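> The working numbering numbers the first residue of the sequence shown as 155 and each following residue consecutively.
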Amino acid sequence: MKALVLDKHGDLDSLKIVTYHPKPEVKEGHVVIRVRASSFNYHDVFTVRGMPGIKVPMPVVIGLDMAGEIDTVGPGVQGWKAGDRVLVNPLNKKRGLMGEMMDGGMEEYCLVAADQLIRMPDKVSFVDAAALPVAYGTAHRMLITHKTVKSGDRVMVLGASGGVGTGCVLLAKMLGAEVIACAGSEDKLQRLKELGADHVVNYKTTDFSKWALEKYGKPQRRTYEGGLDVLINFTGGDTWAPSLRCVKRGGMILVCGATAGHDPKEDLRYIWSFELKVVGSNSFYDDDLSALMTLISEGRMKPVVDKVFPLEQAVEGLRLIRDREVMGKVVVTP
Ligand SMILES: NC(=O)c1ccc[n+]([C@@H]2O[C@H](COP(=O)([O-])OP(=O)(O)OC[C@H]3O[C@@H](n4cnc5c(N)ncnc54)[C@H](OP(=O)(O)O)[C@@H]3O)[C@@H](O)[C@H]2O)c1
Numbered sequence: 155m156k157a158l159v160l161d162k163h164g165d166l167d168s169l170k171i172v173t174y175h176p177k178p179e180v181k182e183g184h185v186v187i188r189v190r191a192s193s194f195n196y197h198d199v200f201t202v203r204g205m206p207g208i209k210v211p212m213p214v215v216i217g218l219d220m221a222g223e224i225d226t227v228g229p230g231v232q233g234w235k236a237g238d239r240v241l242v243n244p245l246n247k248k249r250g251l252m253g254e255m256m257d258g259g260m261e262e263y264c265l266v267a268a269d270q271l272i273r274m275p276d277k278v279s280f281v282d283a284a285a286l287p288v289a290y291g292t293a294h295r296m297l298i299t300h301k302t303v304k305s306g307d308r309v310m311v312l313g314a315s316g317g318v319g320t321g322c323v324l325l326a327k328m329l330g331a332e333v334i335a336c337a338g339s340e341d342k343l344q345r346l347k348e349l350g351a352d353h354v355v356n357y358k359t360t361d362f363s364k365w366a367l368e369k370y371g372k373p374q375r376r377t378y379e380g381g382l383d384v385l386i387n388f389t390g391g392d393t394w395a396p397s398l399r400c401v402k403r404g405g406m407i408l409v410c411g412a413t414a415g416h417d418p419k420e421d422l423r424y425i426w427s428f429e430l431k432v433v434g435s436n437s438f439y440d441d442d443l444s445a446l447m448t449l450i451s452e453g454r455m456k457p458v459v460d461k462v463f464p465l466e467q468a469v470e471g472l473r474l475i476r477d478r479e480v481m482g483k484v485v486v487t488p
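(1) In its own chain, which residues sit with a C-beta less than 7 Å from the C-beta of Pro-213, not counting the 5 before and 5 after it?
(2) Can the beta-carbon of Lys-402 be found less than 7 Å from the beta-carbon of Gly-380?
(3) For the alpha helix (DSSP H) that Met-328 lies in, which residues bound it at each end?
(4) Is it true that the CB of Thr-302 sits closer than 7 Å to the CB of Met-406?
(5) Give the DSSP-derived three-state secondary structure of Pro-275 in the structure shown.
(6) Report the residue from Gly-330, Glu-332, Asn-356, Asp-352 whose alpha carbon sits nearest the alpha carbon of Asp-341.
(7) Would the segment 207 to 224 count as touching the segment 235 to 244 if we require 3 or more Cβ pairs under 8 Å?
(8) Any chance the CB of Ser-437 is under 6 Å from a heavy atom of ligand 1?
(9) So which of Val-186, Met-447, Met-205 has the shortest CA-CA distance to His-163?
(10) Ala-285 and Val-480: beta carbons closer than 7 Å?
(11) Less than 6 Å between C-beta atoms, sequence neighbours within five positions excluded: which residues of the same chain meet that for Gln-232?
(12) For His-184, is the classification buried or exposed, using 16 other Cβ atoms within 10 angstroms of its Cβ as the cut-off for buried?
(13) Can you tell me which of the three DSSP states Gly-471 falls into?
(14) Have a look at the DSSP bridge pairing and note the partners of Met-205.
(15) Would you say the beta carbon of Phe-388 is closer than 6 Å to some non-hydrogen atom of ligand 1?
(16) Mind checking Thr-201: buried by the 16 CB within 10 Å criterion, or exposed?
(17) Apply the 10 Å Cβ neighbour rule to Pro-178 and answer buried if 16 or more other Cβ atoms are within range, or exposed otherwise.
(18) For Ser-168, which residues of its own chain have a beta-carbon under 8 Å away from its beta-carbon, when the five flanking residues on both sides are left out?
(19) Check for me: the alpha helix (DSSP H) holding Val-281 runs from which residue to which?
(20) Which residue's Cα is closest to the Cα of Thr-448: Lys-431, Ile-272, Val-180?
(21) Below 8 Å on the Cβ atoms is my contact criterion, and I expect Gly-434 with Val-409 to pass it. Report the Cβ-Cβ distance as a whole number of Å.
(22) Could you name the residues of the same chain whose beta carbon sits closer than 6 Å to that of Glu-420, not counting the 5 residues immediately before and after it, in chain order?
(23) Going by the CB atoms, is the gap between Leu-349 and Val-384 shorter than 7 Å?
(24) For the segment 379 to 456, list the beta strand (DSSP E) runs that are entirely contained and at least 3 residues long, ordered along the chain.
(25) Just reading off the beta strand (DSSP E) that Leu-160 is part of, what are its end residues?
(26) Applying the criterion that 16 or more other CB atoms from any shown protein chain within 10 Å of the CB defines a buried residue, is Ser-427 buried or exposed?
(27) If you measure from the CB of Ile-475, is any heavy atom of ligand 1 nearer than 6 Å?
(28) Quick one: complete alpha helix (DSSP H) runs, 4+ long, within the segment 217 to 301?
(29) What is the C-beta distance between Gly-230 and Ser-192, in whole angstroms, given that I count them as a contact (C-beta under 8 Å)?
(30) Mapping the DSSP letters down to three states, classify Leu-169 as helix, strand or coil.
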């Protein structure tokens, strides 16, 4: 079968489309699924480059997110049969993340532990389901499961054009927030407006922190006036210190990643003077994914899928993410 295989860390040319990758054999407690869709995340860029402290067993098929139909059911598996439509939670309880510590979704067939399967409602497509776990699941946990955003809040999203970013914009709007979406090109800003963002800021040409101070006023230490209620920052790097300056007293900064650097310059004065809450959020659980599929079924949300590629063009899909040329998600249909 065909698979997208990483055999050494490096640039994207470390990825190969292998035509004769062995089809996995089913085993106790597992199923083999026919993968219908798999999506990329920025995490795949990190996996290809290599991350300090994470030893990826090579060769490995990348791709954390996947949805498909059950092909073969292994011994001891109850409640599932061939043909069932499933979304996979990529976290394997024994071995870690699929697509990193074990083969993932960028292949025609994939071996999956039965406790990672989530039933897909009929109205949800494979492409939409595969767009969900890492990006939208994380956004769902950060905003809804952790109950961080409420109606009327002024919520700024940095990196709003990406997978997690578009998820945050859509969910914050659904919760009734006033959403300020920040991205790096006019084209992305136009599309974020179409998604429902109330305001858009090009943070390459405009200082997002100053923009927020001018629009909502300087945060006040005594009265709770001025500033943003919530700022969502999974970019880190140079965006961290300016983020602290534009959040209101008692407001929140939500963090689930650091695309541009995890050890930014800090300014603790803002955290105590303005009683800021820095709220971390990590990954997602089955309940987040089922809740998102229910929202799709009910027509209340649709993940933003920019491009759908066949497996043969998968590397180009990951290049678009690496080079920040994507709006939402890139999905591959092996
Ligand atoms: N903790 C968790 O469980 C978890 C789960 C999912 C994701 N994450 C993390 O969250 C971050 C976003 O993930 P994602 O999959 O949504 O990524 P993505 O789709 O590639 O989106 C990232 C966005 O950030 C912006 N950006 C700002 N600075 C950047 C830089 N130096 N390099 C690349 N992009 C930059 C880009 O938009 P502009 O070009 O418009 O600026 C891009 O659209 C990543 O750091 C990821 O590791 C963590």
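Ideal Cβ placement from N, Cα and C applies to all residues, glycine included.
Quick caveat: nothing in here was measured; it's all calculated off a predicted structure.
On the basis of the supplied data:
(1) One-based indexing of the sequence shown puts residue 213 at position 59. If we look at Pro-213 and ignore the five residues flanking it on each side, its Cβ neighbours are Val-159, Leu-160, Asp-161.
(2) Looking up residue 402 in the sequence shown gives position 248. Looking up residue 380 in the sequence shown gives position 226. Contact: yes.
(3) On the sequence shown, residue 328 is found 174 positions in, with the first residue counted as 1. First-last of the alpha helix (DSSP H) with Met-328: 317 to 328.
(4) Translated into the one-based positions of the sequence shown, residue 406 becomes position 252. Translated into the one-based positions of the sequence shown, residue 302 becomes position 148. Contact: yes.
(5) Within the sequence shown, the letter at position 121 stands for residue 275. If DSSP states are grouped into helix, strand and coil, Pro-275 belongs with coil.
(6) For the purposes of this step, residue 341 is identified with residue 187 of the sequence shown, where counting begins at 1. Per the Cα distances, Asn-356.
(7) yes
(8) The count along the sequence shown starts at 1 and reaches residue 437 at position 283. Yes, ligand 1 has a heavy atom inside 6 Å of this Cβ.
(9) Numbered from 1 along the sequence shown, position 9 holds the residue referred to as residue 163. Nearest option by C-alpha distance: Met-205.
(10) To locate residue 285, count along the sequence shown from 1; it is residue 131. To locate residue 480, count along the sequence shown from 1; it is residue 326. Against a cut-off of 7 Å, the Cβ pair of Val-480 and Ala-285 comes out as no contact.
(11) By one-based count along the sequence shown, residue 232 stands at place 78. Once the five neighbours on either side are set aside, Gln-232 has no close Cβ partner at all.
(12) Taking the first residue of the sequence shown as 1, we reach residue 184 at position 30. By the neighbour-count rule (16 or more Cβ atoms within 10 Å), His-184 is buried.
(13) In the sequence shown, residue 471 corresponds to position 317, counting from 1. Helix at Gly-471.
(14) On the sequence shown, position 51 is the one that residue 205 refers to. Bridge partners of Met-205: none, in fact.
(15) Residue 388 sits at position 234 when you count from the first residue of the sequence shown. Flag set: Cβ of Phe-388 near ligand 1.
(16) The count along the sequence shown starts at 1 and reaches residue 201 at position 47. Thr-201 should be labelled buried.
(17) Residue 178 sits at position 24 when you count from the first residue of the sequence shown. Counting Cβ neighbours within 10 Å, Pro-178 comes out buried, since at least 16 surround it.
(18) For the purposes of this step, residue 168 is taken as the residue at position 14 of the sequence shown. Cβ neighbours of Ser-168 beyond the five flanking positions: Leu-160, Asp-161, Lys-162, Val-202.
(19) As a first step, residue 281 must be located in the sequence shown, where it is residue number 127. 280 to 284 is the span of the alpha helix (DSSP H), which, as asked, contains Val-281.
(20) Numbered from 1 along the sequence shown, position 294 holds the residue referred to as residue 448. Nearest option by C-alpha distance: Ile-272.
(21) Taking the first residue of the sequence shown as 1, we reach residue 434 at position 280. Taking the first residue of the sequence shown as 1, we reach residue 409 at position 255. With 8 Å as the limit, Gly-434 and Val-409 qualify as a contact, their Cβ atoms being about 5 Å apart.
(22) Taking the sequence shown and counting its residues from 1, one reaches residue 420 at position 266. Nothing listed; no residue qualifies.
(23) As a working note, residue 384 is residue 230 in the sequence shown. As a working note, residue 349 is residue 195 in the sequence shown. Cβ distance not < 7 Å, so Val-384 and Leu-349 don't count as in contact.
(24) 382 to 386, 401 to 409, 431 to 434
(25) Indexing the sequence shown from 1 puts residue 160 at position 6. From DSSP, the beta strand (DSSP E) with Leu-160 extends over 157 to 160.
(26) One-based indexing of the sequence shown puts residue 427 at position 273. With fewer than 16 Cβ atoms within 10 Å of its Cβ, Ser-427 is classed as exposed.
(27) On the sequence shown, position 321 is the one that residue 475 refers to. Indeed, a heavy atom of ligand 1 lies less than 6 Å from the Cβ.
(28) 280 to 284
(29) The sequence position of residue 230 within the sequence shown is 76, counting from 1. The sequence position of residue 192 within the sequence shown is 38, counting from 1. The Cβ separation is near 26 Å, so there is no contact.
(30) Along the sequence shown, read from residue 1 onward, the residue named residue 169 stands at position 15. Strand at Leu-169.
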